[in-house]
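S.K.: In our numbering, the protein residues as written are 2 to 456.
C-beta: ideal position from N, C-alpha, C; glycine also.
To start, I am sharing the structure in question, which I have written as structure tokens.
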């Protein structure tokens, strides 16, 4: 499954495209079996997050809802695009819908978060299935099993608890939903040559970018998809050009962030060297967290700043890049997932260069990048291990450990995170907000405030 099978192509329309399943038909899966698989994913998501429905408003949730309502009353698309650091009309739209249905009842807002997470887990399964169909797999159990496992892994991965349990964390949930819908639509376009699918890809992409800023990497991820699976390089030039133009348009529209935050920030003495150091360390920290998501933190107050960890970050990044360069034909799924991981983590590294976020490093930033880990691990477990006993055994152990971790973490959110006296990170969070005042401190001061809470 992580390797690409060679097939002969007889349809000129497919020239330069990914290897289509129509060349070597994939065995059909019964509707009952597919339905049972998707139901398993949905139930996994609901069971591990059942306590989220008992969580009230935590931290600045209520303030977040008030800001969303105010944004609706004063909505001006072009003014918001040019003026605000956080401009997320897609999130505002769903928050307005929630307020209309539930008013000030937190139960409804958490239902919406859980619904989005469950949809995302199902989309991850569909997304991984589409990728594997493009490789013309002949083993039905590998195709169905790997996609099912990828969806379950995403549903129960503990790194998602902050995004799901925190109402304000829905920005990542909504962004990922439309990001995945856009990618699946694009893959459908490449398979069927459907203009409707291409149009849907563009519409979903706009909604994703209007939900959270990291979705700007969607064109780059599409280019990575073409780079990995396209058999000829000629069509790739057009996609690269389109991606560059789209990114340039977005950067121009949001140029105030670069001019007012990043440029002054980088002019600070020693800031660039400091941030390169932190950027490499945060990358290693993210990689470690997505692979081994224990222990989790309500607020990241401890950060490994040692030379060994710096070396680990550099070596792991180098190893992934070597896999991309030398294993594209042998393991295209793995290569594409590595590129997905690197491209979707990159915007959160850029945060350090602008001080535009109150939390320069956070677990919720891994929601979209974790799609790559879940798909790659699902494929590796289901097709990379020949022994059925070992395959099922490892899958049960990993899914079980993740499920217990997520269930326990959600329980902590229910009974501890909103109570400052029993929250072990509450003092650091309070210290950060006491130091940090966006209206008075510069962008460098935002990172300094964050680092001061780590001392």
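Alpha carbons only, please: which of 185, 402, 214 and 213 is nearest the one belonging to residue 200?
M.R.: 185
S.K.: Which class does residue 105 belong to by DSSP, given the choice of helix, strand or coil?
M.R.: coil
S.K.: Ignoring anything shorter than 3 residues, give me the beta strand (DSSP E) runs that lie fully in the region 312-361, in order along the chain.
M.R.: none
S.K.: Where does residue 399 fall in DSSP's three states?
M.R.: helix
S.K.: Quick one: residues in its chain with C-beta nearer than 6 Å to the C-beta of residue 43, no 5 flanking neighbours on either side, listed in chain order?
M.R.: Here the set comprises 119.
S.K.: Determine the extent of the alpha helix (DSSP H) in which residue 220 is found, giving its start and end residues.
M.R.: 219-230
S.K.: Taking the C-alpha atoms as reference points, what is the distance between residue 89 and residue 211?
M.R.: 5 Å
S.K.: Within a Cβ cutoff of 6 Å, which residues of the same chain sit near residue 124, ignoring the five residues on either side of it in sequence?
M.R.: These residues qualify, in order along the chain: 181.
S.K.: Sorted by chain position, which residues of the same chain lie with C-beta nearer than 7 Å to residue 65's C-beta, five sequence neighbours on each side aside?
M.R.: Same-chain partners within the cutoff: 168 and 169.
S.K.: Nearest-angstrom Cα distance between residue 48 and residue 115?
M.R.: Taking the straight line joining both Cα atoms gives about 11 Å.
S.K.: Quick one: is residue 330 buried, meaning 16 or more other Cβ sit within 10 Å of its Cβ, or exposed?
M.R.: exposed
S.K.: Measure the CB-CB distance between residue 45 and residue 222 and report whether it falls below 8 Å.
M.R.: no
S.K.: Would you mind listing the alpha helix (DSSP H) stretches within the region 143-181 that are 4+ residues and don't spill past its ends, in chain order?
M.R.: 162-166
S.K.: Apart from the five residues on each side of it in sequence, which residues of its chain come closer than 6 Å, Cβ to Cβ, to residue 404?
M.R.: The answer, listed in chain order, is 49 and 157.
S.K.: Using CA atoms only, rank isn't needed, just tell me which of 293, 416 and 385 is closest to residue 146.
M.R.: 385
S.K.: Flag this pair as touching only if the region 284-294 and the region 362-381 have three or more C-beta atom pairs under 8 Å; answer yes or no.
M.R.: yes
S.K.: Below 8 Å on the Cβ atoms is my contact criterion, and I expect residue 230 with residue 333 to pass it. Report the Cβ-Cβ distance as a whole number of Å.
M.R.: Contact check for residue 230 and residue 333: beta-carbon distance about 6 Å, within the 8 Å limit, so the pair qualifies.
S.K.: Under the rule that 16 or more other beta-carbon atoms within 10 Å means buried, what is residue 416, buried or exposed?
M.R.: Exposed: under 16 other Cβ atoms inside 10 Å.
S.K.: Please report the straight-line C-alpha distance between residue 369 and residue 94, rounded to a whole angstrom.
M.R.: The straight-line gap from Cα to Cα measures roughly 20 Å.
S.K.: Do residue 39 and residue 126 have their beta-carbon atoms positioned less than 8 Å apart in this structure?
M.R.: yes
S.K.: Whole angstroms is fine: what's the gap from residue 318's alpha carbon to residue 133's?
M.R.: 25 Å
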